[in-house]
Amino acid sequence: MCSVAKSFACMISQCNDITGVILVGGKSRRMGQDKAFLLIEGLPVIERIIRTMQGCFKDLLLVGDRPERFESYGLPVVPDLYPGSSLGGLYTGLQHAGTDRIFVTSCDIPFSNPELIRFICTDTNPYDAVIPATEGGLEPLFALYHKSCLPAMQTALEAGNFRITAVLQQLQIKTIAPEQLRQLDADGRALLNINTPDEYAACKELKP
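In my numbering, the protein residues as written are -8 to 199.
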């Protein structure tokens, strides 16, 4: 395994066979405006995430409706096969990826940490998924997934069960413990997400 202290050269080589997937299909109901285009430190959140992901993965894929919103970024956008849920977006990303594994992030995590991403993407066998475990629980929308997850996801979606947590119970998961996260994310910003105006205001107050 590539430890936290080892060079990025080892980590980057592990990411060549992984597709980066950004979920952009959320309705932003609580925010009242499209979260992907909120400005943080002068840049839209989606652009911050794309820049980070491009530094980690050769191939990127956006999953969500209304692809015209993202034409200027020159990346492929595929519509959700099961619209209306994060699980549907995750399933769609796995289905369309040209690699066996994907790293997925939602479009409301503005401080994505490339070091943490690369660490999550190492030493995955024989796991179906690698997911950070924060003090508040698992963060399944900043995680690594294998196509071996697809049957369980499809069964849940076809049954009308759109909860990611229900599917995770059926998978073999490796978790990144909170103490490991703190080594890679000293300022605690990497997994912050913005769902409400108050959370957005708090993120804008954080120092670069």
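Virtual Cβ for every residue (Gly too), placed ideally from N, Cα, C.
7 Å Cβ shell around residue i - same chain, five flanking residues per side excluded
i: Q45; result: L51
i: L148; result: Y73, L78, G79, Y82
i: L162; result: D119, A120, C140, A143
i: C47; result: C6, G11, P105, I108, R109
i: L197; result: R180
Whole-Å CB distance - residue i paired with residue j, under 8 Å assumed
i: L29; j: G55; result: At roughly 16 Å, the Cβ-Cβ gap does not stay under 8 Å, so L29 and G55 are not in contact.
i: L53; j: M144; result: Actually they do not touch by this definition, with Cβ atoms about 19 Å apart.
i: A181; j: L107; result: 5 Å
i: C200; j: K26; result: Absent from the model: residue 200. The displayed extent of the chain is -8 to 199, so no value can be given.
Within 7 Å, strictly: CB atoms of residue i and residue j
i: D136; j: I93; result: First, the residue type needs correcting, since residue 136 is Tyr and not Asp in the sequence shown. Yes, the Cβ-Cβ distance between Y136 and I93 is below 7 Å.
i: P105; j: T43; result: yes
i: D8; j: T90; result: yes
i: G16; j: D71; result: yes
i: S103; j: I37; result: no
Environment of residue i [buried if 16+ CB atoms lie within 10 Å]
i: C1; result: Because the pLDDT of C1 is 39, which lies under 50, any placement of that residue in the model is unreliable, and the number read from its coordinates should be weighed accordingly. The residue in question, C1, is exposed, as its Cβ has fewer than 16 Cβ neighbours within 10 Å.
i: V(-5); result: With a pLDDT of 38 at V(-5), under the threshold of 50, the predicted position of this residue should be treated as unreliable, and no value is reported.
i: D189; result: exposed
i: G80; result: buried
i: R154; result: exposed
i: T115; result: buried
Spatial neighbours of residue i in its chain, beta-carbon cut-off 6 Å, leaving aside the 5 residues before and after
i: K165; result: Y118, V121
i: V68; result: L53, P58, F61
i: N184; result: D99, I100
i: L129; result: I122
i: V158; result: A143, M144, A147
i: N152; result: none
i: D178; result: none
From the options, residue whose alpha carbon lies closest to that of residue i
i: Q160; options: N7, P131, L172; result: P131
i: R109; options: L172, N186, D178; result: L172
i: A192; options: G16, L129, I31, D25; result: I31
i: L34; options: Q86, I100, E59; result: I100
i: E170; options: T125, N116, G151; result: T125
i: D176; options: G151, T156, I111, A150; result: I111
i: L85; options: A134, D178, T156; result: A134
i: S76; options: L66, G179, T156; result: T156
Spatial neighbours of residue i in its chain, beta-carbon cut-off 8 Å, leaving aside the 5 residues before and after
i: A88; result: T10, V12, D50, L52, K138
i: L66; result: I41, L51, L52, L53
i: K(-3); result: Low per-residue confidence applies at K(-3): pLDDT is 37, beneath 50, and the placement is therefore not dependable enough to give any value.
i: A150; result: none
Within-7 Å CB hit, residue i to chain D
i: G151; result: Here chain D cannot be found, since the structure has a single protein chain.
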